Structure formats: C-alpha cells, structure tokens
Amino acid sequence: MAFDWLVGGAGRDAKIDSLNIIHVAGTKGKGSTCAFVESFLRIYGEKTGFPRKTGLYTSPHLIETNERIRINFNPLPKDVFAQNVFEVRDGLSLQQPDGPGPRYLQLLALISYHTFLKEQVDVAIYETHHGGQYDATNVILHPVVTALTSIGMDHVRELGPSIENIAWHKAGIFKASAPAFSLPREAEDRAAEKGVVLRFVRVDRNLPGNLNIQTQLSYASLAREISNAFLELKHPGVSPCLTIRDIAHGVQRFPWLGRFQVVPEGKYSWYLDGAHNELSIGEAAVWFQQVSRQRDGLGVLKRLSETLNLSIQHAIFTTYSYQAIRPMLEGMVPRTEAWNEPTPWQAVARARELGKGKDAVHILVTGSLHLVGSALRQLGDVLQP
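Read in order, the letters of the sequence shown are residues 1168 to 1552 in the working numbering.
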C-alpha cells in the first residue's frame, strides 16, 4: 500500500520499470557485487553516454544512513536525503493518516525508490537487506537482471535452519522475465520453480586490476556478467560488452569502504573488514595474512585461528563479557591477552593504547559492519585526502 502511493497506483509497474533495476541477493558479497556493477556501468557510461546516471541502494550503512542511497556512487547529500524522507513521510500520511506506517527497512527502501524516480536514473542497482522473497526491496515485478552471490547459514531465525530454506528465500528475487546469474548452485531448484533459466558464473582469475582475493575475483566476475547482460538488453548495438579497459578502470575505481580495506596511521596499520559470519571471517583471515605479511598479530575468533594458525598478542572483544569468552579464547589462542570493552569506540582506543612503545602495530577489525563503521569514524582524520 505504501509502495502504491509512491509510484502512483495504476502507474506502478511502468514507473518502477523505468528505473531499470538490477537486483542482487546473497548471504555475503551482495554489497561488493553491487558496487562492482555500479563501477563498471559508470565507467561504461562515461565512455558511451549510457548509463548517464546510476543509482545504488545498499544495506547496511557504515557511518551515515544516507550512504545507503547513492547517485553515481556519491552518497545522497544529507539535506537532500532529509528532504526526501519528509516527502515520503508526508505522502504516506496523506494516504494512510491513521496507519502504522512502514518499518525502518521498508521506509528506507521507499525513500530509495522515491529518490531514484526523482533523479531519473538510468539504472538502479539494489542489494537486498537479507533474504529475498519477503525482503522490502522485492517489490519489483520486472527487473532487468537478477543475481545471487552466495548461500550460507546466516539469519537462520528469519530464513530457516537449512541451506535449502535459505536458498529458497534468497532466490525469491528471481523473475521469469529477467536473466538470472549465480555463483552458488543451491538455488537451481528454486529457479526452475519460478521458470527462470539460471546462468552459473565461473570465476575469471585473469580479470585485470589488483584483485588478489578469491572473493573479490568471484564478485567482480559475477558483476561483469550482470553488467554485460544489462547492457545487451538496455543499450544494444553500441559497444555492448565491457572491454578489458572498462573492467580495469572499474576495478581501479572500486571504492567499497569496510571491505578488505587497509588504513595506514603512522606506525599503526588498520585492516578493516565487515565479515560477520563464518564464511566471511575465513575470507577476512586469508586476506589479512596476504596483505599484512606478519606472523605475530591476528584475530579474535576461532575461525581466524583455524584458518591462519597464527599466534596473537591481544584480542579485544566488544560484545561478549570477559568471563564468557575466556574459556574459548584460552583453548583457541593460548598466551593471548584478552580485553573486553563495552563499546567499539573504547575497543579502538584500547588497540591504540596497546600499540604504544612498539615499532609497528597491525590491527584487524572484523566481526560486524557496526564495529568497522565505528573504527572508520575514529579514523576519519586519517581518511581525509
């Protein structure tokens, strides 16, 4: 009902279809894949004139809420974001003055559609929140392309206790009218149920650019196929495929904060990755080993220890009580000093304090995007150009 207000009732399908939506779901990697797609298409648009303007919707945000809605990758300015919030709120109030209104994620999705329609974007790239079938973003009847990045055990309370349950939900974004691409194979039955021909993507290890991490290669490979399919459908006959140069430029300008990110700060090297489940933690561990090239400073979770088998000096936790984590930590990484800080801000301060008097300090920040976002806030001065 709120969505019907946004697109004007009877004109709903035509208005939303005009956004040329690319819809991406998955347990992990969907934000990175969407950002790669946006970067590739923006590079292509600078060369050909289409797409002239890109829209990107991702979730969650790292630092500010307006980061979720981007035009040509620039976060919507705060004043414009606020204006659009009020416009959506006022429209909903007129339609249902006594109604309960949308929940938080539904409201953000509504604001994104409202924004992209106002901005007249040529493509809107959407990351689901979690799930797919009942996700607040899954109101699009005719996306141009859909894609699935991964299937893993996450959000099991909402999506179900098995891989099959989770695949059913994630693949709920598939539409019979749109080509669908996937890295995992678990959604094949769901695709057949929905009458969708699912195209499986192989990882191209020869992609240009500095992509040394397996997952980055995977998501960039998927993003290339998504982008090419989109261009073939919406811009046929004019350089329909991305060139090697387009891919190289797109990778070079891929600016995804909080994912495999290194921030130097004097003698401190901060390694930030928003991994929040076992699959992602393992990837973060391998990445940290590759880029830090150290053998003496890693990790907070058992998965990190199992993946790298490295000794660590300090482990700082921000969620669990010290008494709760002590037995696990002692069994996982003996001779490691454990700290428990009540907030991410205090955890970052503790890491800085522990590094005093040392020549070089390597700090891995991982476990949640909230934690990474808090660290980035405190590193704000360092991040300024």
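The beta-carbon is built from N, C-alpha and C at its ideal position, and this holds for glycine as well.
Keep in mind the model is a prediction, meaning the values are calculated, not measured.
Q. Excluding five sequence neighbours on each side, which residues of the same chain lie with their C-beta closer than 7 Å to the C-beta of residue 1230?
A. 1540, 1543 and 1544
> Counting pairs of beta carbons, one from the segment 1418–1437 and one from the segment 1518–1529, are three or more of them closer than 8 Å?
Replying inline: yes
| field | Proximity test, Cβ basis, 8 Å: residue 1277 and chain C | value | Going by chain labels, chain C is absent from the structure shown, which holds only one protein chain.
query = Taking the Cβ atom as the reference point for each residue, do residue 1414 and residue 1291 lie within a distance shorter than 8 Å?
reply = no
Practice prompt. Less than 8 Å between the CB atoms is what I'm expecting for residue 1312 and residue 1202, so what's the real figure, rounded?
Written response: About 16 Å separates the two Cβ atoms, so there is no contact after all.
- [ ] Provide the residue span of the alpha helix (DSSP H) that contains residue 1540, from first to last.
- [x] 1536–1545
### Message
Here's the rule I'm using: 16 or more other beta-carbon atoms within 10 Å means buried, otherwise exposed. How should residue 1183 be labelled?
### Response
Residue 1183 is classed as buried because its beta carbon has at least 16 other beta carbons within 10 Å across all chains shown.
Item to check | Reference residue 1129, options 1258, 1294, 1402 and 1349, closest by Cα | outcome: Because the chain in this structure spans residues 1168 to 1552, residue 1129 falls outside the shown range and cannot be described.
Report task. Check whether the Cβ atoms of residue 1400 and residue 1387 sit closer than 8 Å, and answer yes or no. Result -> no
Report task. Write down the C-beta distance between residue 1289 and residue 1235 rounded to the nearest angstrom, noting that I regard them as a contact closer than 8 Å. Result -> The pair is not a contact, with the Cβ atoms about 20 Å apart (cut-off 8 Å).
task = Run the CB neighbour count on residue 1525, radius 10 Å, all protein chains shown included, and call it buried at 16 or more, exposed below.
result = exposed
task = Return the chain-ordered list of same chain residues with a C-beta closer than 7 Å to the C-beta of residue 1424, the five sequence neighbours on each side being excluded.
result = Contacts found: 1229 and 1543.
Which residue from 1199, 1208 and 1193 puts its Cα closest to that of residue 1407?
1208
For a quick check, are the C-beta atoms of residue 1385 and residue 1409 less than 8 Å apart? no
Notebook entry, point to check: Hey, residue 1293 and residue 1191 are a contact pair by Cβ (cut 8 Å); roughly how many whole angstroms apart?
Noted result: With 8 Å as the limit, residue 1293 and residue 1191 qualify as a contact, their Cβ atoms being about 7 Å apart.
Quick check: the Cα distance between residue 1446 and residue 1304, rounded to an integer number of angstroms? For residue 1446, the predicted model reports a pLDDT of 49, less than 50, meaning its position is unreliable; a value from the coordinates is still stated below. If I take the Cα positions, the gap works out to 24 Å.
Note to self: Can you tell me whether residue 1509 is buried or exposed? The criterion is at least 16 other CB atoms within 10 Å of its CB, across all chains shown.
What the structure shows: exposed
Please classify residue 1261: does DSSP put it in a helix, a strand, or coil? Looking at residue 1261 - three-state DSSP - the assignment turns out to be helix.
For a minimum of 4 consecutive residues, which ranges assigned as the alpha helix (DSSP H) are wholly contained in the segment 1266–1324? DSSP runs (the alpha helix (DSSP H)) wholly in the segment 1266–1324: 1271–1286.
### Message
Determine whether the beta carbon atoms of residue 1196 and residue 1382 lie at a separation below 8 Å.
### Response
yes
Where residue 1344 falls, given that 16 or more other Cβ within 10 Å makes a residue buried:
exposed
Residue 1411 - DSSP class collapsed to helix/strand/coil
helix
**Q.** Nearest neighbour of residue 1222, chosen from 1325, 1205 and 1216 [CA to CA]
**A.** Looking at the Cα atoms, 1205 is the closest of the given residues.
*asked:* Relative to the C-alpha of residue 1211, which candidate in 1193, 1194, 1239 and 1233 has its C-alpha closest?
replied: Of the listed residues, the one whose Cα sits closest to residue 1211 is 1239.
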